[in-house]
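Colleague: So in UniProt numbering, spot 9 of the sequence shown is number 9, and the numbers just go up one at a time.
Where a beta carbon is used, it is the ideal one built from N, C-alpha and C, also for glycine.
Encoded as structure tokens, here's the structure I'll be asking about.
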Amino acid sequence: MLKIKKEIYDEMIEYCKSCFPQEACGILAGNNNIVTKIYKIKNIENSSVSYLMEPSEQFKAMKDMRTLGLQMLAIFHSHPWGGVYPSGKDRQLAFCDVYYLIVAIEPNIDVKCFKIEEGDAIEVRLITE
Numbered sequence: 001m002l003k004i005k006k007e008i009y010d011e012m013i014e015y016c017k018s019c020f021p022q023e024a025c026g027i028l029a030g031n032n033n034i035v036t037k038i039y040k041i042k043n044i045e046n047s048s049v050s051y052l053m054e055p056s057e058q059f060k061a062m063k064d065m066r067t068l069g070l071q072m073l074a075i076f077h078s079h080p081w082g083g084v085y086p087s088g089k090d091r092q093l094a095f096c097d098v099y100y101l102i103v104a105i106e107p108n109i110d111v112k113c114f115k116i117e118e119g120d121a122i123e124v125r126l127i128t129e
């Protein structure tokens, strides 16, 4: 189970919508499986079907998390044209130590959370508070 503050959840949705029709991506941080901070990171692939986080922004986020005593809890990205299940590429490139949130934009906003281990995606309960 992963908990996310309502304002962080809303900020993530708005960011994903603002990147449409390209995929958005970023990092969610916090402690004890409670997300308290979002890092919106540029997708340098500039693609509607894949993402790659801009390395210097990703590094800056990692340094900030360390300074604030936060852990990287999740990686999020959008699927602009729907579908909230991790793609083959998502599953292949996943770190097993974090959650993955996928935000579908069209035709309706939908968000799912997964743990991906050895290529298998297991849906995890996501709670907004």
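In its own chain, which residues sit with a C-beta less than 6 Å from the C-beta of G119, not counting the 5 before and 5 after it?
Modeller: R91, listed in sequence order.
Colleague: To the nearest angstrom, how far is the alpha carbon of S87 from that of D97?
Modeller: C-alpha separation (whole angstroms): 18 Å.
Colleague: State the start and end residues of the unbroken beta strand (DSSP E) segment that holds M53.
Modeller: Premise fails: M53 is in no beta strand (DSSP E) and is neither H nor E.
Colleague: Going by C-alpha to C-alpha distance, which of Q58, K37 and N108 sits closest to N43?
Modeller: Cα-wise, what sits closest to N43 is Q58.
Colleague: Here's the rule I'm using: 16 or more other beta-carbon atoms within 10 Å means buried, otherwise exposed. How should M72 be labelled?
Modeller: The residue is buried, with at least 16 neighbouring Cβ atoms inside 10 Å.
Colleague: Does DSSP classify L70 as helix, strand or coil?
Modeller: DSSP places L70 in coil when its eight states are reduced to three.
Colleague: Leaving aside the five residues before and after N33 along the sequence, list all residues of the same chain whose C-beta is less than 8 Å from its C-beta, in chain order.
Modeller: Counting only Cβ-Cβ distances below 8 Å, and skipping sequence neighbours, we find M1, L2, K3 and L73.
Colleague: Check each candidate in C113, A94 and S50 and name the one with the smallest Cα separation from L101.
Modeller: Minimum Cα distance to L101 is reached at C113.
Colleague: My output table needs one value for K42: the three-state DSSP class, helix, strand or coil.
Modeller: Three-state result, K42: coil.
Colleague: Would the beta-carbon of Y51 fall within 7 Å of that of H79?
Modeller: Not a contact, by the Cβ cut-off of 7 Å.
Colleague: Since D110 is in the beta strand (DSSP E), which residue starts that stretch and which ends it?
Modeller: Counting along the chain, the beta strand (DSSP E) containing D110 begins and ends at D110 to E117.
Colleague: Based on Cα-Cα distance, which residue from K89, S56, I38 and E54 lies nearest to L68?
Modeller: With distances taken between Cα atoms, L68 lies closest to I38.
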